[in-house]
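Chains as they are written, first to last, in this note's numbering: chain H, 129 to 335; chain V, 2 to 381. Just so you know, even glycine gets a beta-carbon here, dropped at the ideal spot from N, CA and C.
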Amino acid sequence: MISSVPAKGRVDRADYDVIISLVPQSSKVLDLGCADGELLLRLKREKNCAVSGVEIDKELVLKGIEKGLCVLEADIDQGLKDYPDSSFDVVMLSQTIQITRRPRSVLREMLRVGKMGIVSTPNFGHLNVRFQLGILGKMPKTKDIPYEWHETPNIHMVTINDFRRFCREENIKIEREIFLGNGRRTVHFLPNILARTAIWLLRKDEL
Amino acid sequence: MPKLLTKIGVVETQYEHFGRGLELESGAILEPITIAYETYGKLNADRSNAIVIFHALSGDAHVAGIHSESDAKPGWWDFMVGSGRPFNTDRFFVLCANIIGGCKGSTGPSSINPRKGKPYGLDFPVITIRDMIRAHALLLDILGIERPLCVVGGSMGGMQVLQWAVDYPHRTVVAMPIAATSRLSAQGIAFNEVGRRAIMTDPKWRGGNYSPGDGPDVGLGIARMIGHITYLSEKALQTKFGRRLQNSDRLGYDFRTEFQVESYLHHQGLTFTRRFDANSYLYITKAMDYFDLVAEFDGSLVRAFEKVRGRFLVISFTSDWLYPPPESQAIVKALQANGIEVAYCNMDSPHGHDSFLLDVPGFPELVGGYLSGVADEVIG
């Protein structure tokens with residue numbers, strides 16, 4: 129059972145601002161694991177986007193639909209096969225890819241259905257994570273990954289370096305990468321150690 | 002008393018008479034036609050705020066409010082209609098018409114056949130879901146409503162919503178099929194046929210030519226009992242009745258009604274015969290059996306929805322085994338494949354198919370929230 133990160137909506141989502149800035153005006157957008165639809169609502173209001181969302185948690189689905197949004201209850205791990213190729217301008221996975229069971233197939237499907245993909249993930253290479261695991265010898269618990277080991281939905285944590293390598297192997301072109309440290313500050317130096325959150329703008333590499 | 006909860010108050014059913022006939026799918030022509038309907042709220046200046054409700058098998062135009070102060074119960078979807086309710090009458094104009102073939106004011110088998118001067122009985126032509134929505138469209142034309150903001154209905158009402166969306170894409174803004182299916186399942190047809198058999202083998206049915214007040218009540222009552230079981234769920238029956246006995250604390254070792262669930266079903270059957278016409282039951286269940294959106298599209302629901310426009314909110318209920326959630330999910334997938342905006346929720350409810358008629362937690366909020374969000378966009 130894949131649910132979107134329960135922390136969504138409760139914490140200050142700095143990545144939302146970045147994602148919104150990356151989405152072109154008036155585009156057709158699909159949010160995979162859209163939680164309560166807050167990001168979709170902002171995209172609709174701030175960027176005049178035609179928005180759709182997929183979410184597996186019924187309570188969150190209800191919240192999204194109650195906002196008048198086109199949210200449907202489904203499991204993104206079961207595939208997006210009913211969407212035609214390139215049927216969206218942008219498909220987003222905000223803080224969702226790490227909780228899917230099959231990240232590779234979800235990302236492939238994302239770039240089949242969307243002309244462009246936006247992914248945001250917590251960076252498991254961050255200094256604080258390394259310190260907790262490497263020095264203290266405990267499973268890391270941070271502001272971005274606030275779960276105990278036995279209750280975390282995050283089953284596929286990834287570092288910035290991992291994700292870059294994965295994209296190379298999958299022939300996914302990283303058009304932009306934006307790394308956030310504390311708050312909304314962007315990180316340019318040693319992101320795999322200093323960034324808390326990574327946001328990626330992806331396209332299929334047309335080779 | 003439940004009537005005290007109604008926000009609509011006393012309403013009157015209205016009637017529209019059409020001299021010209023309606024050509025039915027079977028090729029027969031039905032004329033003249035009367036359509037009974039009720040409305041709540043006010044139509045706005047550009048006629049863009051109409052919510053059109055399609056009712057289910059045993060429903061009627063009386064969605065909300067009461068007909069007189071002495072009514073024990075309000076209309077069948079009263080909790081959905083009124084000021085501050087999902088179909089908010091401060092903002093929307095809500096309309097529901099009785100289907101043709103019915104027995105609640107619209108032309109049906111109990112209406113007088115002008116050619117013979119007596120009730121149609123089995124001379125009434127077989128009607129389909131498509132015929133029902135054509136009649137609804139006639140009424141909307143007369144009222145000057147070209148594009149209702151929303152067409153909505155549960156069960157057979159949901160069938161009408163889907164048929165409306167397929168036949169009138171340019172007249173669809175929001176379509177809301179609830180606990181619906183794109184084609185009635187073999188199981189659905191099977192239950193309908195048992196109901197029809199019960200009616201037609203009742204000696205009082207007399208080939209459909211019974212006189213008013215002396216109809217096949219036993220058969221119709223049994224049909225309703227069977228139907229009622231399919232609208233509930235194993236869990237709902239167990240919770241509500243269990244194995245409790247009606248009038249005693251020990252078994253009687255005879256065949257009188259003993260269990261509460263038996264007594265409940267008898268009551269359902271009996272009250273139904275007082276308000277429903279047996280021939281209408283035959284015609285309407287037949288229309289449901291015939292309903293198959295994909296028949297003319299080589300079995301492809303994706304193709305059936307090719308010309309569909311507007312946006313959809315599809316709702317199913319987890320415990321509905323008569324119109325099971327996968328049938329709603331198939332509708333969602335076919336809409337997705339056509340790039341149609343579709344919202345979907347499989348709502349948690351233990352009440353089976355009948356859930357759409359009940360104030361299931363979260364259900365009114367879902368419908369109301371969605372409609373008001375869409376209305377903000379569409380009619381401002």
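Taking each of V:E32, V:Y345, V:V375 in turn and checking the Cα distance to K186 of chain H, the smallest one comes out for V:Y345.
Interface annotation, L188 of chain H: not in contact with chain V, CB-CB separation never under 8 Å. Around L367 of chain V, the beta-carbon contacts reaching into chain H at under 8 Å are L190, I193, E194. If you draw a straight line from the Cα of G340 of chain V to the Cα of R229 of chain H, it is about 26 Å long. Taking the beta carbon of V199 of chain H as reference, the chain V residues within 9 Å of it are A344, Y345, C346, listed in sequence order.
Taking C-alpha positions only, M289 of chain V is separated from A181 of chain V by approximately 11 Å.
With fewer than 16 other Cβ atoms from the protein chains shown falling within 10 Å of its own Cβ, H316 of chain H counts as exposed. Between R293 of chain H and I302 of chain H, the beta carbon gap of about 11 Å keeps them out of contact (Cβ cut-off 8 Å). Closer than 7 Å at the C-beta level to chain H, one finds these residues of the region 325-345 of chain V: V333, K334, Q337, A338, G340, E342, V343, A344, Y345.
Interface flag for P281 of chain H against chain V is unset, since no Cβ pair is found closer than 8 Å. Between the region 151-170 of chain V and the region 121-140 of chain V there are three or more C-beta pairs closer than 8 Å, enough to call the two in contact. The region 281-327 of chain H contains, as complete beta strand (DSSP E) runs of 3+ residues, the segments 300-308 (chain order).
At a cut-off of 8 Å between C-beta atoms, G353 of chain V does not count as an interface residue with respect to chain H.
At a cut-off of 8 Å between C-beta atoms, S222 of chain H does not count as an interface residue with respect to chain V. Boundaries of the beta strand (DSSP E) harbouring E17 of chain V: 15-19, taken from the DSSP string.
Its chain contains R312 as the residues whose beta carbon lies nearer than 7 Å to that of D145 of chain H, once the 5 sequence neighbours on both sides are disregarded; these appear in chain order.
Residues of the same chain with a CB within less than 6 Å of the CB of I332 of chain V, apart from the 5 flanking positions on each side, are S183, V315 in chain order. Around the beta carbon of V11 of chain V, fewer than 16 other beta carbons sit within 10 angstroms, so the residue counts as exposed.
Secondary structure at F273 of chain V: helix, using DSSP grouped into helix, strand and coil. Counting of Cβ neighbours within 10 angstroms places G262 of chain H among the exposed residues, the total staying below 16. Annotated three-state conformation of M267 of chain H is coil, per DSSP. Pairing D299 of chain V with K287 of chain V, the inter-Cα distance amounts to about 22 Å. Y211 of chain H and E297 of chain H have their C-alpha atoms spaced approximately 25 Å apart. S373 of chain V belongs to the set of residues whose beta carbon lies under 8 Å from a beta carbon in chain H.
DSSP links V182 of chain H through a beta bridge to H:L160, H:L200.
Interface annotation, Y144 of chain H: not in contact with chain V, CB-CB separation never under 8 Å. Secondary structure at V175 of chain V: strand, using DSSP grouped into helix, strand and coil. Taking 8 Å as the threshold, the shortest C-beta distance from P319 of chain H to chain V does not fall below it. For the options H:M267, H:M285, H:L255, H:Q223, the alpha carbon positioned closest to that of W277 of chain H is the one of H:M267. Within the same chain, Cβ atoms closer than 6 Å to the Cβ of E342 of chain V are found at R312, the five residues on either side in sequence being excluded. Interface with chain H (8 Å Cβ-Cβ cutoff): G363 of chain V is included.
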